[in-house]
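In the numbering used here, each number is its position in the sequence shown, counted from 1, plus 345. Ideal Cβ positions, reconstructed from N, Cα and C, are used throughout, including at glycine. Note that this is a predicted model, so its numbers are computed, not measured.
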Amino acid sequence: MMNRTAFEDSLLQPLSFWSGKSKAEVSALLGEEAAQMVHFDQRNPHHCYDLFLHTLYTVQFVDDSASAALRVAAFFHDIGKPWVAREKQGRLVFYGHAQKSAEIAGPLLSRLGYAQPDVDRICFYIGHHDDFISWVLPSEPYDHRNPYLIEITAQNVAAHIEKTAAETESLPGIKSFALWSELLLLVQADASAQAEYVYRNGAVIDSREHKVRKAKAIQAALKESFG
Numbered sequence: 346m347m348n349r350t351a352f353e354d355s356l357l358q359p360l361s362f363w364s365g366k367s368k369a370e371v372s373a374l375l376g377e378e379a380a381q382m383v384h385f386d387q388r389n390p391h392h393c394y395d396l397f398l399h400t401l402y403t404v405q406f407v408d409d410s411a412s413a414a415l416r417v418a419a420f421f422h423d424i425g426k427p428w429v430a431r432e433k434q435g436r437l438v439f440y441g442h443a444q445k446s447a448e449i450a451g452p453l454l455s456r457l458g459y460a461q462p463d464v465d466r467i468c469f470y471i472g473h474h475d476d477f478i479s480w481v482l483p484s485e486p487y488d489h490r491n492p493y494l495i496e497i498t499a500q501n502v503a504a505h506i507e508k509t510a511a512e513t514e515s516l517p518g519i520k521s522f523a524l525w526s527e528l529l530l531l532v533q534a535d536a537s538a539q540a541e542y543v544y545r546n547g548a549v550i551d552s553r554e555h556k557v558r559k560a561k562a563i564q565a566a567l568k569e570s571f572g
């Protein structure tokens, strides 16, 4: 089993260190839970890589300004997908995977040597990395009657953050703005590691660039909401 220092060092060059590892090697280094990601076919139009490669590219795309904690969260952000994968219209969906990933990552991080405050922070990032998946740019036409679609505005970002106030206040040493600002770096990295274009019935319905643009718009709304 790796220790915390060795693991964080491996994330500085994630593709070089991890991409050639077999499932057995990943299991020996991190445990069987992490090994389940290796060669896991996501079978979803939003993804162009298997789960483990998507994970490594997400870490690779994390901004250089990010903390080691965020890189660790990027590595484990989708670890729960094999447990929640379900068939839907000929593809896989992963409802609740963010929360499941945090649930699985917590004990694993403790085994790597992370203290509980660090585990809580990393698991916060993991558990909330998909919070904004159904948010839409103000310039986009959308069904305003659909309660699952939320417009990207400073007011809506502030309201969303308020819902997690008790959770974020329990995380020592990092203010709410910094926590969410860093989380949005993970959202951008996750989007950057997805398919360039998403098709339905031969037509483009989404793109990598669009998802990154949304993440940046949420980041700008976050700054506005904090004044």
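Pairwise C-alpha distance: residue j and residue i
i, j, result
"Ala499", "Ser367", "44 Å"
"Ala538", "Thr509", "27 Å"
"Lys433", "Arg388", "10 Å"
"Glu541", "Ala380", "26 Å"
"Thr513", "Ser521", "6 Å"
"His555", "Gln405", "19 Å"
Presumed contact (8 Å Cβ cut-off) between residue i and residue j, rounded CB distance
i, j, result
"Ser446", "Phe421", "6 Å"
"Pro427", "Phe385", "6 Å"
"Leu356", "Val417", "7 Å"
"Tyr459", "Leu415", "The pair is not a contact, with the Cβ atoms about 14 Å apart (cut-off 8 Å)."
When the options are compared against residue i, the one with the closest alpha-carbon
i, options, result
"Phe571", "Arg349, Ile506, Val464 and Ala548", "Ile506"
"Ala503", "Phe352, Glu569 and Glu485", "Glu569"
"His473", "Arg553, Ala369, Asp551 and Gln444", "Gln444"
"Leu375", "Ala536, Lys520 and Leu453", "Leu453"
"Val532", "Val407, Ile495, Tyr493 and Val429", "Val407"
"Ser412", "Arg545, Ala523, Tyr544 and Met346", "Ala523"
"Ala566", "Val481, Leu457 and Asp465", "Val481"
Residue range of the unbroken alpha helix (DSSP H) whose run includes residue i
i, result
"His557", "First, the amino acid is wrong: residue 557 is Val here, not His. Counting along the chain, the alpha helix (DSSP H) containing Val557 begins and ends at Arg553 to Ser570."
"Arg466", "Gln461 to His473"
"Lys426", "Lys426 to Val429"
"Lys445", "His442 to Leu457"
Range of the contiguous beta strand (DSSP E) that encloses residue i
i, result
"Glu485", "Here Glu485 belongs to no beta strand (DSSP E), and DSSP marks it neither H nor E."
"Leu437", "Arg436 to Val438"
"Arg545", "Tyr542 to Arg545"
Any chain D beta carbon closer than 8 Å to residue i
i, result
"Ser526", "Looking for chain D here will not work: only one protein chain is present."
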